[in-house]
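FYI, the numbering for the sequence shown is 36 to 305, going by this note's numbering.
Each residue gets a CB set at the ideal place from its N, CA and C atoms; glycine is no exception.
Worksheet: one structure, shown below.
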Amino acid sequence: MSGENVVAKSNRLVEASYRLTLVEQQMILFAICRAREEQKGLSSDDWLTIDSKAFATAFNTDPKNAYRQLNEAAATLYDRSITMYDNDGDPRRIETRWISAKARIDARGQVQIIFAPIVIPYLTRLEVEFTSYRLEKIGKLTSAYAVRLYELLVQYLSLGKREFELADLRKTLGMSELEYQTMDNLKRRVIDIAVKQINAHTDITTSYTQSRTGRTITHLTFAIKSKPAKPKPAKAKPVIVEKPAPGVDRETAKKRIKEAKAILTQRDLF
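Right, here's the structure in full:
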């Protein structure tokens, strides 16, 4: 896939409550980029083809295992649901599946999916409310929670921080009430791993502080910054060996070296 693989999701979808495995998330993001690359858009009538070799390259995974992982992810994704909240008028809770159909082509190592009709508008509309980022920014993340947290933070990059009520964050990350019940366990098993991966592998850095209501930690506030652009490597300067060539006297050699340096200086090499 090209270097212009931009993922765009409606912020309403980014904020929705869902829980997906890492490969399931990668499959969805890859399919979105694939539709953009082919310039045919997303449709409830068209199959999106995910080639296992291209998928492995995009996410730095083992090509030998990619097709098996994609098939397993397609099977579980077919049964997954997503919960969204419609704020137009009276609040409404909407539940839908991610995909309406799946297929596999074993001879080609390809998996095909069709997104559910109700999800497609949230994936394709390019409006102010949308979050866009390049696929390669999350290509090295190995935690499903890191991918979700990155999506939630990059929305607020221009503001430089984002505060979550702990209960809302757990819900948005798709956790049940029985998972990671203690704060220490939540931080050690989820938050700290996600923050470490985001800082190491994406285009932003983040850290967080805790706030209490009484004695209970109820809020996390994340600071968000863009990483500075990496400076371009300086051009290597040519090495001029100040040694006379055979048959050339020292004074003539010095003169030739001086002339060569003058020419190179004019070319901004010295």
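By the criterion of at least three beta-carbon pairs nearer than 8 angstroms, the segment 241-255 is in contact with the segment 198-212. F257 has R197 and Y243 as its beta-bridge partners, per DSSP. Inclusion of S78 and V146 in the CB contact set at 9 angstroms is not warranted, their separation being larger than that value. Secondary structure note for Y120: its beta strand (DSSP E) is the uninterrupted segment S116 to D121. About 19 angstroms separates the CB atoms of R139 and A151; that is not less than 8 angstroms, and the two are not in contact. In the same chain as A91, and ignoring 5 residues on each side of it, the C-beta atoms closer than 7 angstroms to its own belong to D97, P98 and A101, in chain order. Sequence-distant partners of G195 (beyond 5 residues in either direction) whose C-beta falls short of 8 angstroms from its own C-beta, in its chain, are A258, I259 and K260. DSSP places T177 outside any beta strand (DSSP E), giving it a letter other than H or E. In the three-state scheme derived from DSSP, where H, G and I count as helix and E and B as strand, K44 is classed as strand. In the DSSP assignment, K137 falls within the beta strand (DSSP E) that extends over I134 to I140. The beta carbon of I63 sits closer than 8 angstroms to the beta carbons of L55, L112 and W133 from its chain, once the five residues preceding and following it are set aside; these are given in chain order. Pairwise C-beta distances place the segment 216-229 in contact with the segment 177-187, as three or more of them are shorter than 8 angstroms. Under the DSSP assignment, T92 falls in the alpha helix (DSSP H) whose first and last residues are S87 to F94. A buried status is given to Q60, since no fewer than 16 other beta-carbon atoms sit within 10 Å of its beta-carbon. Residue nearest to T244 within the set K222, S178, I233 and N234 is K222 (criterion: CA-CA distance). Judged by DSSP in its simplified three-state form, R143 adopts coil rather than helix or strand. DSSP places K99 inside the alpha helix (DSSP H), whose first and last residues are P98 to L112. When beta bridges are read from the DSSP output, L83 appears opposite I148. For V154, there is no enclosing alpha helix (DSSP H), as DSSP marks it with neither H nor E.
Taking the Cβ atoms as the reference, Y53 lies roughly 4 angstroms from I117, within the contact range of under 8 angstroms. Taking the Cα positions, Y157 is about 15 angstroms away from I149. The C-alpha of R69 is placed about 16 angstroms away from the C-alpha of K137. Around the C-beta of G144, 16 or more other C-beta atoms lie within 10 Å, and the residue is accordingly described as buried. In this structure, DSSP gives T207 a helical state, which the three-state scheme calls helix. Contact check for L176 against L57 passes: the beta carbons are separated by less than 9 angstroms. Judged by their CB atoms, A181 and I233 are nearer to each other than the 9 angstroms cut-off.
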